[in-house]
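**Q** Its first residue numbered 30, the sequence shown is counted upward by one per residue in my numbering. Using N, Cα and C, we set each Cβ at its ideal position, and we do this for glycine too. All of these numbers come straight from a predicted model, not from anything done at the bench.
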Amino acid sequence: MTASDWRLPGGDAVRLAEEVPVALSFDGVTQAVMMATPADLEEFALGFALSEGLVAAPSEIVRQEIATGKDGIEARNWLAAPAGVRFAERRRATLGPVGCGLCGIEQLEQARRPLPRVKAPRWSLSPEEAEAALGALRAHQPLQDETRAVHAAAFWCPGEGLVLCREDVGRHNALDKLIGALIRREIAPDSGALVMTSRLSVDLVQKAATVGMPMILGPSAPTALAVTEARAAGLTLIARARGALALYTAPQEATA
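1. Does the structure place the segment 96 to 107 close enough to the segment 62 to 81 that three or more beta carbon pairs sit under 8 Å?
2. Who does P50 pair with in a DSSP beta bridge?
3. Residue range of the alpha helix (DSSP H) that A201 falls in?
4. Let me know if G188 comes out buried or exposed under the rule of 16 or more other beta-carbons within 10 Å of its beta-carbon.
5. How many angstroms separate the CA atom of L286 from the CA atom of L144?
6. Whose C-beta lies closer than 6 Å to the C-beta of E71 among residues of the same chain, with five residues either side of it excluded?
7. What does a CB cutoff of less than 7 Å around V58 pick up in its chain, not counting 5 residues either side in sequence?
8. Distance, Cα to Cα, M30 vs R167?
9. If C194 and S220 are in contact, beta carbons under 8 Å, what's the gap, nearest whole angstrom?
10. Exposed or buried, what is G128 when buried is set at 16 or more other beta-carbons lying within 10 Å of its beta-carbon?
11. Per DSSP, what are the beta-bridge partners of S33 in this structure?
12. Taking C-beta to C-beta, are A159 and A181 nearer than 7 Å?
13. Beta strand (DSSP E) containing V4: first to last residue?
14. Can you name the start and end residues of the beta strand (DSSP E) that A85 belongs to?
15. Who are the Cβ neighbours of A270 in its own chain at under 7 Å, not counting the five residues just before and after it?
16. Do you know how far the Cα of R142 is from the Cα of T278?
17. From which residue to which residue does the beta strand (DSSP E) around A217 run?
18. Which whole-angstrom value is the C-beta distance of A32 and T176, which I expect to be below 8 Å?
19. Report all residues from its chain with a CB closer than 8 Å to the CB of I95; omit the five preceding and five following residues, and keep chain order.
20. Considering only the beta carbon of each residue, do L336 and A255 sit closer than 7 Å?
21. Within the same chain, show all residues whose beta-carbon is closer than 6 Å to that of L53, passing over the 5 residues directly before and after it, in chain order.
22. Measure the alpha-carbon distance for A112 versus F184 and round it to whole angstroms.
23. Let me make sure I understand the geometry here. Which of P248, A253, M225 has the alpha-carbon closest to that of M242?
24. Below 8 Å on the Cβ atoms is my guess for I212 versus L79; work out the distance and round it to an integer in Å.
25. Count the other C-beta atoms from every protein chain shown that fall within 10 angstroms of the C-beta of P38, then say buried if there are 16 or more, exposed otherwise.
26. L207: buried (16+ other C-beta within 10 angstroms of its C-beta) or exposed?
See the structure below:
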């Protein structure tokens, strides 16, 4: 259940978004515990594993299981042998606390992980299409309609518009769910643009670049660090600035 009925002190009925602890475990070891909307959790775990670099391909996760307990939900994942060895080595090297956004880091320099260069898209997005994509997102948010309390991540494809959307109380959770959904449907992350409901922060840039998404659209300005990292990775950021859309980074800005 993603939302439940509540009564306010004045007697009015409202729908509130569910927010539960979700433990993401790999080969029996918990990598992160996130506060998340309890839906699309297998996609969430797959997207998280890919966007955080825990696996290099979806085939490296050989089995998934969702287990619900009194304290929360565990999304269990079992890895193929090469990926399992890499994960175990990463765990030995990184034993710090985990949490939202920047997961499983214990040193300051790890907050700015090396990002791959994103290939420039073979398609283009006009200013009118960018406006239309952001405007269309609202019609793809049923849980937001109920609760007014969740973020969304959507995927825009040239000639098709928004083809997929996922919602969650956390913006990076919504993105991971979207990534998992794209991979399961065999939609290449570089075949379109990511459209977010939230400000564009560095964790979103890192996740998008890691899976090869070349462009992000947002309704509000990015952070300075998000722009810096996007420029270095060759990722395009388009967001509103004083009411109008602005191009904050472009692929040709990538540095050597």
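**A** In terms of the structure at hand:
1. Touching, yes, given that three or more Cβ pairs across the two stretches are closer than 8 Å.
2. According to DSSP, P50 shares a beta bridge with M64.
3. One detail in the question is off: residue 201 reads as His in this sequence, not Ala. That run of the alpha helix (DSSP H) goes 200 to 213.
4. Around the beta carbon of G188, a 10 Å sphere encloses fewer than 16 other beta carbons of the protein chains shown; the residue is thus reported as exposed.
5. The question about residue 286 has no answer, for the chain in this structure spans 30 to 285.
6. Contacts found: Q93.
7. These residues qualify, in order along the chain: R120.
8. Distance from the CA of M30 to the CA of R167, rounded to the nearest whole angstrom, comes to 21 Å.
9. Here C194 is actually not in contact with S220; their C-beta atoms are around 16 Å apart, not less than 8 Å.
10. Because the pLDDT at G128 is just 39, under 50, the model does not fix this residue reliably, and the value given afterwards should be weighed accordingly. Classification of G128: exposed, given that the 10 Å Cβ count is below 16.
11. Note: S33 sits in a beta bridge opposite L45.
12. No, they are not a contact pair.
13. As shown, the chain starts at 30 and ends at 285. That puts residue 4 outside it, with no answer to give.
14. That residue, A85, is in no beta strand (DSSP E); it is neither H nor E in DSSP.
15. So the qualifying residues of the chain are A250.
16. Each residue's alpha carbon lies about 19 Å from the other.
17. Counting along the chain, no beta strand (DSSP E) covers A217, and no H or E run does either.
18. Between T176 and A32 the Cβ distance is about 5 Å, and since that is below 8 Å, they are a contact.
19. L70, E71, I102, E103, A104, R105.
20. Outside the displayed span of the chain (30 to 285) sits residue 336, for which this structure offers no information.
21. Answer for L53: Q60, A61, A74, F77, A104, listed in chain order.
22. Their backbone Cα atoms lie some 28 Å apart in a straight line.
23. For M242, the closest alpha carbon among the candidates P248, A253, M225 is that of M225.
24. The pair is a contact, with the Cβ atoms about 7 Å apart (cut-off 8 Å).
25. When all chains shown are included, P38 counts as exposed.
26. Residue burial is scored here from C-beta neighbours: L207 has at least 16 other C-beta atoms within 10 angstroms and is therefore classed as buried.
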